[in-house]
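When you number the sequence shown by this note's numbering, it's gap-free, plus one each residue, and the end is 616.
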Amino acid sequence: MYHLFCWGLCIIYFVGGYVSSIFRGGGLFMQSGFALLEAGSVRSKNVTNILIKNVCDSFICGVSYWLFGFAFAYGDGNQFIGHTYFAITDLPANRYGYFFFQFTFTATAATIVSGAMAERCEFMAYFSFSFIITGFIYPLVTHWTWWHSGFLLQGIDYGGDIGRIGYQDFSGSGVVHTVGGMAAFVGAAILGPRIGRFDPQTGKAVHLRGHSIPLSTLGGFILFFGFLTFNGASQLSLSKAGDGEAISLAIVNTMITATFASFTATFVYRIPRFGSGAWCITVASNGAITGMVASCAGCNVFYPWGSCILGIVAGITYHVWCWVVRTVHVDDPTDAVAMNFGGGTLGVIAVGFLDRNKGILLKWNRRSALCLGWQLAGMTLIMCWTAFWSAISFGIMRWIKILRVPEDIELKGLDIPRHKEPGYPVESYGHGHVEKIIQILESTPMEVFQGYTNMAMTFQELNDKGPYEHPEIAAESRKSSVAMHDVHMDSVSRKSSRSVHTLHEMGSHEHPEWRPPLSHQLNHTITEMNENISNDHSDFRMTHRSKGYVTYELDVSFENPEENGKMAQNGCAKMNESTTSNKQHRSLITDLDQRASNLSSELEKIISPNIITKF
Numbered sequence: 002m003y004h005l006f007c008w009g010l011c012i013i014y015f016v017g018g019y020v021s022s023i024f025r026g027g028g029l030f031m032q033s034g035f036a037l038l039e040a041g042s043v044r045s046k047n048v049t050n051i052l053i054k055n056v057c058d059s060f061i062c063g064v065s066y067w068l069f070g071f072a073f074a075y076g077d078g079n080q081f082i083g084h085t086y087f088a089i090t091d092l093p094a095n096r097y098g099y100f101f102f103q104f105t106f107t108a109t110a111a112t113i114v115s116g117a118m119a120e121r122c123e124f125m126a127y128f129s130f131s132f133i134i135t136g137f138i139y140p141l142v143t144h145w146t147w148w149h150s151g152f153l154l155q156g157i158d159y160g161g162d163i164g165r166i167g168y169q170d171f172s173g174s175g176v177v178h179t180v181g182g183m184a185a186f187v188g189a190a191i192l193g194p195r196i197g198r199f200d201p202q203t204g205k206a207v208h209l210r211g212h213s214i215p216l217s218t219l220g221g222f223i224l225f226f227g228f229l230t231f232n233g234a235s236q237l238s239l240s241k242a243g244d245g246e247a248i249s250l251a252i253v254n255t256m257i258t259a260t261f262a263s264f265t266a267t268f269v270y271r272i273p274r275f276g277s278g279a280w281c282i283t284v285a286s287n288g289a290i291t292g293m294v295a296s297c298a299g300c301n302v303f304y305p306w307g308s309c310i311l312g313i314v315a316g317i318t319y320h321v322w323c324w325v326v327r328t329v330h331v332d333d334p335t336d337a338v339a340m341n342f343g344g345g346t347l348g349v350i351a352v353g354f355l356d357r358n359k360g361i362l363l364k365w366n367r368r369s370a371l372c373l374g375w376q377l378a379g380m381t382l383i384m385c386w387t388a389f390w391s392a393i394s395f396g397i398m399r400w401i402k403i404l405r406v407p408e409d410i411e412l413k414g415l416d417i418p419r420h421k422e423p424g425y426p427v428e429s430y431g432h433g434h435v436e437k438i439i440q441i442l443e444s445t446p447m448e449v450f451q452g453y454t455n456m457a458m459t460f461q462e463l464n465d466k467g468p469y470e471h472p473e474i475a476a477e478s479r480k481s482s483v484a485m486h487d488v489h490m491d492s493v494s495r496k497s498s499r500s501v502h503t504l505h506e507m508g509s510h511e512h513p514e515w516r517p518p519l520s521h522q523l524n525h526t527i528t529e530m531n532e533n534i535s536n537d538h539s540d541f542r543m544t545h546r547s548k549g550y551v552t553y554e555l556d557v558s559f560e561n562p563e564e565n566g567k568m569a570q571n572g573c574a575k576m577n578e579s580t581t582s583n584k585q586h587r588s589l590i591t592d593l594d595q596r597a598s599n600l601s602s603e604l605e606k607i608i609s610p611n612i613i614t615k616f
């Protein structure tokens, strides 16, 4: 133990001189937090897509910011834009650490956009905009506000006791998060909502749940850690007198704002009139992030009691902006606009009220009024600048039709069509269930000639190997595809396959081992039904595919299959009243449907009333 202690002292001694750089590097760790938060907030068929966007944010930012972003932001020039240090040429060696630190801020501004445009944006479109925001939009904002000659930072010298007043933003409430949040809002608005997000009849929002609360919660915790380093490291040094106190104050204020914002957001959501009436972990996490975003602008100049007030207002602000975004029918799967734009604008304004040196709540005079005025002016300029270039960029992409994925790809999910890499490959799951299904399929080849549409899950491209299915849909459809909505059968052909599903009242996401005793109840009845049901024209077979649900297959053989195949296209035969003149065929199908209804009545006698059974 003594030797370990000595080694620890040595490490601290040698690394101590580089603590500032290591501390700043925590900002890059925030990319992991954003990635997990967004991955958990989308459906499993789009996980790979959202993760690759977050990964590429850092790499695209590295290229664009190195080439010209840093030059525009921190190069020598005028008050509007810099024009030296392109590709960091001639950059002094002692400023490389500063370049890296600002790179992490730039990547953060870019990755905010990906969450709001998730599940429906073309990868190349997002790739292009990420290059634009990190290479042009964001760098100019930082030049105005953080470079020593920027016109917003310089402000105006009013003389006398007032002195020079300018825009103040310690760690990026406006510079980073308002830029990212505004770009996210404009992008999501131009891109349009996801299919099914808003009811076409009533216009009400339909909640499309993310696939993993644990992932999004873990992402929130990582962001909590990242924001502490993000804000603390904005002091930019550790060696000067007062640096330690300033860093400590920034971290403490960030923590206090996050806790009060999280509590307030959760409590408001707990009120039935404003939320679900339940304690929601997602709201708790998002509320904390909103609070930390709001604290960025003035965490070095707030009193801790001021951070308490800011946190409470931030928690309410989160819900207000969520409501605003829904009301204007902008689809934001991760609430990126509410957290970043809402929290960012609040933080910028809060400096004018809570700054311990010139805030209105502490120093009621002309100087405090001018301070608030400059905060509002800077925030407005940042919003307009970002909205203008974002609208042009996304508008051009939409005009040339490269912004949004096709409808069929969106319904299937982007992971397989766009990346050939599902986030959750079905073959990787064990327990013997998948292996059993594969064994059944290999021993009894299946042919699919039938297309159908489901409100919950849609299958479109059909061929001799069956419907194109995402692994998520393939795994869940046998249990849940008709559990919530009736299946609309739009064609009947030589072979027809239908399913009986039994589902617990809790919903469709059940483990395959759910209610194993059910199999023992059904096996005897299924066997008896299979023995009693048959005729010359059809073979009615009912099988118990796995524990917890039942699947039966209805195979119909026609004497003249060509008669029903005249309108066949891509292996899917269209058959309706206008194309089917053989009354015997229609009568046969009607008879079999009646038998299916009778089977439903038989099954209800042995299945718990808590289970939904639909044919």
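Built from N, CA and C at the ideal position, the CB exists for glycine as well.
Predicted model only: the values in this text are computed from it and were never measured.
Reduced DSSP category for Ala-119 - H, G, I as helix; E, B as strand; rest coil: coil
Residue of Glu-408, Asp-409, Arg-399, Pro-423 minimising C-alpha distance to Tyr-127: Arg-399
If you measure between the beta carbons of Phe-30 and Ile-248, is that distance less than 8 Å? no
Just how far apart, CA to CA, sit Pro-273 and Thr-107? 39 Å
Close Cβ partners of Ile-350 (< 8 Å) along its chain, the five nearest in sequence each way excluded: Leu-373, Gln-376, Leu-377, Met-380
For Phe-354, which of Gly-345, Lys-364, Leu-92 has the nearest alpha-carbon? Lys-364
From Lys-413, Ser-391, Arg-405, Tyr-425, residue whose alpha carbon lies closest to that of Phe-130: Ser-391
Give every residue of the same chain whose Cβ lies closer than 6 Å to the Cβ of Phe-81, excluding the five residues on either side of it in the sequence, and list them in chain order. none
Any chance the segment 328 to 348 sits against the segment 187 to 198, with 3 or more Cβ pairs inside 8 Å? yes
Residue from Gln-236, His-320, Asn-55 whose Cα sits closest to the Cα of Met-118: Asn-55
Could you have a look at Ala-279 and say whether DSSP puts it in helix, strand or coil? The answer is coil: DSSP assigns Ala-279 none of H, G, I, E or B.
Three-state secondary structure (DSSP) of Ala-206: strand
Considering only the beta carbon of each residue, do Ala-184 and Val-269 sit closer than 8 Å? no
As a quick exercise: from Phe-69, Ile-89, Glu-120, pick the residue whose alpha carbon is nearest that of Leu-412. Glu-120
Assigned exposure category for Lys-46 - 16 Cβ within 10 Å defines buried: buried
Please state whether DSSP places Phe-268 in a helix, a strand or coil. helix
Backbone CA spacing between Thr-90 and Gly-83 [nearest angstrom]: 14 Å
Are the segment 134 to 151 and the segment 55 to 74 touching, with three or more C-beta to C-beta distances below 8 Å? yes
Just the Cα atoms here: how many angstroms apart are Glu-123 and Val-406? 5 Å
DSSP puts Arg-96 in a beta bridge; with which residues? Paired residue(s): none; Arg-96 is not in a bridge.
Hey, out of Arg-327, Val-180, His-149, Val-294, whose CA is closest to Val-207's CA? The residue from Arg-327, Val-180, His-149, Val-294 with its alpha-carbon nearest to that of Val-207 is Arg-327.
Where does Asp-77 fall in DSSP's three states? coil
Looking at C-alpha atoms only, which residue of Lys-359, Lys-241, Thr-230, Met-340 is the closest neighbour of Ile-163? Considering only Lys-359, Lys-241, Thr-230, Met-340, the residue with the shortest C-alpha distance to Ile-163 is Lys-359.
For Leu-38, which residues in the same chain have their Cβ closer than 7 Å to its Cβ, ignoring the five residues on either side in sequence? Ser-217, Gly-220, Gly-221, Leu-224, Thr-335
Quick one: what does DSSP say Phe-225 is sitting in, helix, strand or coil? helix
What are the start and end residues of the alpha helix (DSSP H) that includes Gln-155? 152 to 155
Is DSSP giving Gly-316 helix, strand or coil here? helix
Since Gly-233 contacts Ile-257 with CB under 8 Å, what's their CB separation in whole angstroms? The Cβ separation is near 14 Å, so there is no contact.
With DSSP collapsed to three states, give me the class of Arg-165. strand
Ala-617 versus Phe-87 - alpha carbon distance: A query on residue 617 cannot be resolved here, the shown segment of the chain reaching from 2 to 616 and no further.
Using CA atoms only, rank isn't needed, just tell me which of Val-427, Thr-283, Ala-262 is closest to Ala-289. Considering only alpha carbons, the answer is Ala-262.
Have a look at Phe-395 and Ser-150 and give me their C-alpha separation to the nearest angstrom. 31 Å
Please tell me whether Phe-186 and Leu-141 are closer than 8 Å, where the distance is taken between their beta carbons. no
Inspect the beta-carbon positions of Ser-308 and Gly-41 and report whether they are closer than 8 Å. no
Proximity below 8 Å, CB of Gly-344 to CB of Val-294: yes
Inter-residue spacing [alpha-carbon to alpha-carbon] between Gly-316 and Gly-292: 7 Å
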